Amino acid sequence: MVAAIPHGHWKTMTFIAGLRCDGLTAPWVIEGAMDSDAFERYIETQLAPTLQKGGVVVLDNLPAHKRDEARRAVERRGAWLLFLPPYSPDFNPIKLAFLKFKAHMKRLKPRTVDDLW
Numbered sequence: 002m003v004a005a006i007p008h009g010h011w012k013t014m015t016f017i018a019g020l021r022c023d024g025l026t027a028p029w030v031i032e033g034a035m036d037s038d039a040f041e042r043y044i045e046t047q048l049a050p051t052l053q054k055g056g057v058v059v060l061d062n063l064p065a066h067k068r069d070e071a072r073r074a075v076e077r078r079g080a081w082l083l084f085l086p087p088y089s090p091d092f093n094p095i096k097l098a099f100l101k102f103k104a105h106m107k108r109l110k111p112r113t114v115d116d117l118w
């Protein structure tokens, strides 16, 4: 998402969430870009606690998604990981949800982290 920034002062914010049949779950916002360590922290502290035995976490093939500790955090909850085929964003339902989310954020034009909530 791109928006005009007053006086050139801007920060990168990253939003991540899970998608269930009934909506988004475990939303999380961090300052900066998502990296492997941040993704692992998200899985351990935000997503894994919401998982139930037999649950499935569908992920694309981003290298950050393949960390062993993130996988173990999911498996400790009795859930499992399913990786999409490479180069198949059309199979990834959260991409559509994020498109809608970005359009909504563009209309709101939040300027602070608190404005995001």
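Residue numbers (our numbering): 2 to 118. Here a beta-carbon is modelled for each residue, glycine too, at the ideal position from N, C-alpha and C. Note that the coordinates shown come from a computational prediction; the quantities given were computed from them, not determined experimentally.
For the 7 Å CB-CB criterion, leucine 48 and glycine 24 do not form a contact. For phenylalanine 40, the enclosing alpha helix (DSSP H) begins and ends at 37-43.
Between threonine 51 and alanine 27, the C-beta spacing is below 7 Å. Non-local C-beta neighbours of lysine 12 in its own chain, meaning closer than 7 Å and more than five positions away in sequence, comprise Glu32, ordered along the chain.
Taking a contact as a CB-CB distance under 8 Å, the pair alanine 80 and valine 57 counts as one, their CB atoms being some 7 Å apart. Inter-residue distance for isoleucine 17 and valine 30 is about 7 Å (C-alpha atoms, whole angstroms). Runs of the alpha helix (DSSP H) lying entirely within the region 40-78, each at least 4 residues long, are 69-77 in chain order. Rounded to the nearest angstrom, the gap between the Cα atoms of proline 86 and asparagine 62 is 8 Å. In the DSSP annotation of this structure, the continuous segment of the beta strand (DSSP E) that includes leucine 83 starts and ends at 81-84. Residue burial is scored here from C-beta neighbours: alanine 74 has at least 16 other C-beta atoms within 10 angstroms and is therefore classed as buried.
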